[in-house]
Structure formats: C-alpha cells, structure tokens
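S.K.: After the structure tokens below, expect a handful of questions from me.
Residue numbers (the numbering used here), protein chains in the order written: chain D, 384 to 720; chain F, 384 to 720.
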C-alpha cells in the first residue's frame, strides 16, 4: 500500500452472526471508510437481516452509516432458503437485544451501491458477504459498475476446499448461483475469500472469554458467538470453535489481512446439475506457480494467516464501551415484535 | 496385511507411457498375481493400446499373461478423444521398439474380467487405470460383479486437487464420465487413486539416469519417459519431471503403497454441464477427521509417500535383463505398419 487513506467501502450482508463481526470490523477499523451497508436475504430473511445491519452500526456507535434494504429472494425469484439453525432465530445466535435501532434509507441496496460508486469513481470497494443478489441487480441496472468501482471482494465460494452446503457449493454462492454467475462473468476482478481460508480462521471459547472481559461491545459479541460456535462444533469441527467467515473479506478488501496466496485465475460458477453453486477456479497451474492465464478475472484467496482472528478480537476489545451508545438513539427504538 | 499371498489382479489399461510402468510393476512385483490385462481406448486408440499391453507383458518376460481387447470408444458410442501429445504417436513416447509381440485372446476385456472374477470369487482386485468403459460394460453384463471381486481400484479422478483436462475433470474420468458414473454407482467400494496423490509422485531425469544404467528393461523405460517428462515439464511442472499416475493404483491395490489418508466417503461423477467428468467426493468431514457417512462407497486416496517413485525404479532396475526376452517370441513378431 502506497497510501494510508482508508478504503471506501460498501458492505453488502445477510446479517447473521459472522456478518455482525464483519460490519463491526468495517465500522471500527481506521483502514475502512464505511460509506454504506446493504442488507440481503440469506442467513436470515431480509427483515431480520436489515434489522441486524441497523442494530450493528448502532452498536458500533456509527448510526451515521446508511443501511439500505436489498433483495428478499434470489435473482430468478425462486423461494429463498435461510440458515436459522446456524445463526439463531434472530440471526444473532438467539442472544440479540431485540432492539430495533434506526431505519433503512429509502433507496434499495443496489441503488445505494450504484450511487456511492458514482460519487467516488474508482475508489469504492464493494464487499459482499451474503448471496450476491444485490450485486447482480446493481450490475444489471448499471452495467458500467465494474469500471466505476475500485474492485469487488466477496466472502463466498471454495476453490480447493469442500463446500459447506453441498459437497462443492459454499452457502453464499449456493443461495443464488445465478446471481453469483453474473458477478463472476462481469468485467471486473472478483477477489474471492472463500472456504479455503475462512474454514481455517476460527474463533473459540478462549476468544469469547477475551471478548466477554472487554467492554459492552465485546460482551455482546461473546454472547452471539455462543450458539454459532455450538453449531460449528456439531457440524464441522467436533470441538467448540467457529469460522469467522465474513470479516476476512472486509479485512482483505481493507488491506489489513494480506493474503499469502491469491493467484489470478479463470473461474466460473456452475449453475447446472448437481454441482450447481460450485465456484470452479482454474487452479491447474498450481504445480508451476500459477502462470498467467488469458481471461483470468478471479483472485481466490488460498492462504491467509489464521491468527487474523486475534486481530478482530483485539479490535473489538479495544473498542471497549466507547463505541456503544449507552442509551438508544432517540426516536429510533421500539421493542421488536 | 495378515497374509503374504499375492493379490490376484485384472489390470485394465489404455497403454500409454505410465500404463506401461503399471503393467511392468504388476507383472514383476511378487505382491501381485497378474491374471489378465485388458486394453481400452484412452491415451491412445485401442489397437495401439492393445499392442502396447502385449509388448509390455513380453518386455516383462510374462508372455503368459493374457491380454484382451476392450472398448474402442466411450460407453455411449460417442467419438473417442486420444492424448497422443502426452504419450507419443506410438503411446510409448515415440521410443517404442515398433515390435508386435503376441496376440490378444479371443474374449473381450470385459468378458475376461468377468471370467477371471468368477474363477476366483472374492479374490480378484480389478485395477482400472484408463477410461472406465470396460468396467462399465462388465458391470452391465454381470451386475453381480461387485460381489464377485475383492474390490476395485482405479487411477482416476480428483477429490481436492484440480483436474488435468478441465478445471475439475481428470483425464480417465473425463474420457467416459457415463461409464465412470456407472462404476461409482455400483455396489462396491471404489478406491480412487487420483490426482490428489498422483500429481505429487513424480519421476525426473535422476530416475531416468538410474533406469538407463540398469538392464534392458530399465533402459527401455528411460527411453519412453523422455517425451513424457517433456510433456509434463511444459504442461504442469515447469521443470523436467512427470507424474507416475497408473503404477500408484496397482501398488495401492497390491498393498505395497499404503495410503497415509484415504477416508471412506460418498462420491459421484458429474455427468452434466461444464463440470462433466468431475469426481465429486464429499470431503466436508475433513475438519473433524472424516466421521462415518451413510452410503459412503468411495475411498479417495488423499495422501501417499511421494518416495514411491523410487520403489518403482528400484523394481525395474532390479529386474535387470532377466525379465526381457532377448529374442522375440517365435511366430508372434512382425514389423508394425
């Protein structure tokens, strides 16, 4: 990095436990200038995701960050499938406050993404950590989007690692493979922070203890992680630890997590048959240091420092109580139904 | 292994440079009782593959091993696609002797496979290191084949590694995905020795020098490896070394190469869309030591000792001149066209 200016970012998320950490990281880290958050269906329904996005920016002491509602179902209008078993009924590990803080802006998440990109041509990084529905809509509405933004970084997919919904499909891509295919086909380079690295960067009860001993914010995060870690213990690890997933994409986009290996390769999203939702990356060059490929426009992150989890915990602990509004934002709180 | 009796084996191959090493290993190693060889289209056309199978068993001093002709195209009668650029026009790295030694038996490769299995119920390991056309034909003709044999081991597929024809498809599976799907669907456990390990067990010019300094057999193998190593240098490794591929499957079947990691998992062959030819193995359990899966009937070999290449070279060097017929088998030799 030749500049220390923070990275202008629009963050699109289906908030979700790990999305909450991603928003907190983006809202709190000085390397990020968070210009807007978009909500999308995925881990939870759109209403819940939107409420959690708003709750999180308030929790971070950043009610100034606009939250825009996005799509409530896949691009092709099929029925959405959610993951409450992973994220809890409230998308906060059944440990949310139940508070409704603030309101979404009038424009849609796709509209907000386009507007912010136009206001800062060449400067904005789109970071999408849910299904890619909103990004595909923005691309359809504004085909020049790839030339307007600095780049796009997603949490999603798997290049060499197994999937986590099917044998080959990662959840965010599996949710809306058609939208993902559009995003991978568009004329930009997609930085893909997928299961290859996110399965290896985990949070455990040691991290939760450090968080719980921190301020209000850390205590909140420690609370929502309990159920999430329980899910991963049963489903993936056989011991109490969870992935961190989404925050890695924010950090890679911000330059605060520099990949140890991220080759530029050709890639596509399978939309057919049993492999639907697979992100097929052409890694055949792996045995000779990934020589240049014509038409390569995907950068799957294949290796990062697993100790990144500590960096996130440090940031949240350091935030202490300072970032958390002691009282609800005036006029914006009501008990949720 | 509780027994030292050699493993009864039927070896099905599209001979090919690496198939030649596999046949030599099976014919020469005391851990294998080679009951028959079947030829199949694949690396080269069926006539060339059959001639090379015969040439190789004679080279090994084993003209007693019957060679049966198999299929000359995929199961669904589509046009075959060969790989002369890998194996040379003669399938022997353009370094074959040109000699035609012996003749195939009257029965087909599938018929021979079934007959031998019936003659030794529960004892025969089918080892298939080419397209799985013959095995699929044998399964169709004899649906009880899975209960008649000891097991099946293939060289083919890729579980975590990239493909070598498409991004996801390995050559043997890619050649005949429908046949492969039949073999994976049948009621036996398929031991899959694929690119996950065969890309990591390589032969280089050091091995060639050792072979060339050995007897007639080693010198022959050193000769045919030159072109093959050249192909891999350009296509895969960026330096002069080649995979050994097929011999690994023979050795795993024989118990002379014991996998360090080979979980029993569910698997299927993709036959649709752009991922056609992919061997999809359910490796989602990898983060918790591969817990038992219901319906698991594939054993992808994920880790072996790369030093196995030395074992093969040792065997060929030790064979010296002894195994090689100094004069052609009477009445069976003519100059090839």
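Ideal Cβ placement from N, Cα and C applies to all residues, glycine included.
1) Give, in chain order, every residue of the stretch 587-620 of chain F whose Cβ lies closer than 7 Å to some Cβ of chain D.
2) Distance cutoff 8 Å, beta carbons only. Does residue 540/F sit that close to anything in chain D?
3) Is the distance from the Cβ of residue 723/D to the Cβ of residue 630/D below 8 Å?
4) What are the start and end residues of the beta strand (DSSP E) that includes residue 609/F?
5) Name the chain D residues whose beta carbon is nearer than 8 Å to that of residue 547/F?
6) Quick check: does the Cβ of residue 410/D come within less than 7 Å of any heavy atom belonging to the ligand ATP?
7) Would you call residue 421/F buried or exposed, if buried means 16 or more other Cβ atoms sit within 10 Å of its Cβ?
8) Could you check the C-alpha separation between residue 495/F and residue 451/F for me, to the nearest Å?
9) Could you give the C-beta distance for residue 662/D and residue 520/D, rounded to a whole number, given that I count them as a contact under 8 Å?
10) Just verifying my parser: in three-state terms, what is the DSSP assignment at residue 462/F?
11) Going by C-alpha distance, which of 698/F, 645/F, 547/F and 615/F is nearest residue 575/F?
12) Could you give the residue range of the alpha helix (DSSP H) that holds residue 697/F?
13) Is any beta-carbon of chain D found at less than 8 Å from that of residue 657/F?
14) Quick one: using the 10 Å Cβ neighbour count with 16 as the cut-off for buried, is residue 720/F buried or exposed?
15) According to DSSP, simplified to helix, strand and coil, what is residue 709/F?
16) Per DSSP, which one or two residues make a beta bridge with residue 661/D?
17) Going by DSSP in three states, residue 518/F sits in which element: helix, strand or coil?
18) In three-state DSSP terms, what is residue 496/F?
19) May I ask you to report which of helix, strand or coil DSSP gives residue 414/F?
20) Would you check if the distance between the CB atom of residue 393/D and the CB atom of residue 499/D is smaller than 8 Å?
21) Which residues, in chain order, does the stretch 549-579 of chain F contribute to contact with chain D at a C-beta distance below 8 Å?
22) In angstroms with no decimal places, state the Cα-to-Cα distance between residue 561/D and residue 461/D.
23) Starting from residue 570/F, trace the beta strand (DSSP E) both ways and give me its first and last residue.
24) Would you mind telling me which residues of chain D sit closer than 8 Å to residue 543/F, beta carbon to beta carbon, in chain order?
25) Around the Cβ of residue 515/D, are there at least 16 other Cβ atoms within 10 angstroms (buried) or fewer (exposed)?
26) Among 643/F, 633/F and 650/F, which has the Cα closest to the Cα of residue 413/F?
27) Per the DSSP calculation, residue 650/F is bridged to which residue(s)?
28) Does any residue of chain D bring its CB to less than 8 Å from the CB of residue 403/F?
29) Do residue 453/D and residue 493/D have their C-beta atoms closer together than 8 Å?
30) Please return the same chain residues whose Cβ sits closer than 6 Å to the Cβ of residue 449/F, not counting the five positions on each side in sequence.
31) Which of the three DSSP states, helix, strand or coil, is assigned to residue 484/D?
32) Tell me, please, whether the CB atom of residue 720/D is closer than 8 Å to any CB atom in chain F?
33) Within a Cβ cutoff of 7 Å, which residues of the same chain sit near residue 678/F, ignoring the five residues on either side of it in sequence?
34) What are the start and end residues of the beta strand (DSSP E) that includes residue 626/F?
35) Can you tell me whether residue 392/D is helix, strand or coil according to DSSP?
36) Is the Cβ of residue 717/D closer than 8 Å to any Cβ of chain F?
M.R.: To lay it out plainly:
1) 619 and 620
2) no
3) Residue 723/D lies beyond the stretch modelled for chain D, which goes from 384 to 720, so this question has no answer here.
4) Here residue 609/F belongs to no beta strand (DSSP E); instead the alpha helix (DSSP H) covers 599-615.
5) 667
6) Judged by which ligands are present, the structure shown has none, so any question about the ligand ATP falls away.
7) buried
8) 7 Å
9) So it is not a contact: roughly 20 Å between Cβ atoms.
10) coil
11) 645/F
12) 691-702
13) yes
14) Residue placement at residue 720/F is poorly supported in this model, since its pLDDT is 36, which falls under 50; the coordinates are not used for a value here.
15) Any answer about residue 709/F is weak, because its pLDDT of 42 lies below 50 and its placement is not dependable; what the coordinates show is given next. Note: residue 709/F maps to coil in three-state DSSP.
16) 552/D
17) helix
18) helix
19) coil
20) yes
21) 550 and 551
22) 11 Å
23) No beta strand (DSSP E) holds residue 570/F; DSSP gives it neither H nor E.
24) 543, 544 and 545
25) buried
26) 633/F
27) 664/F
28) no
29) yes
30) 419 and 488
31) strand
32) Annotation note: pLDDT 36 at residue 720/D (below 50); position unreliable, coordinate value reported separately. Not closer than 8 Å to any Cβ of chain F, the Cβ of residue 720/D fails to qualify, so no.
33) 649
34) 624-626
35) strand
36) Only weak support is given to the placement of residue 717/D: the predicted model assigns it a pLDDT of 48, under 50, and the value that follows is read from those uncertain coordinates. No, its Cβ sits nowhere closer than 8 Å to a Cβ of chain F.
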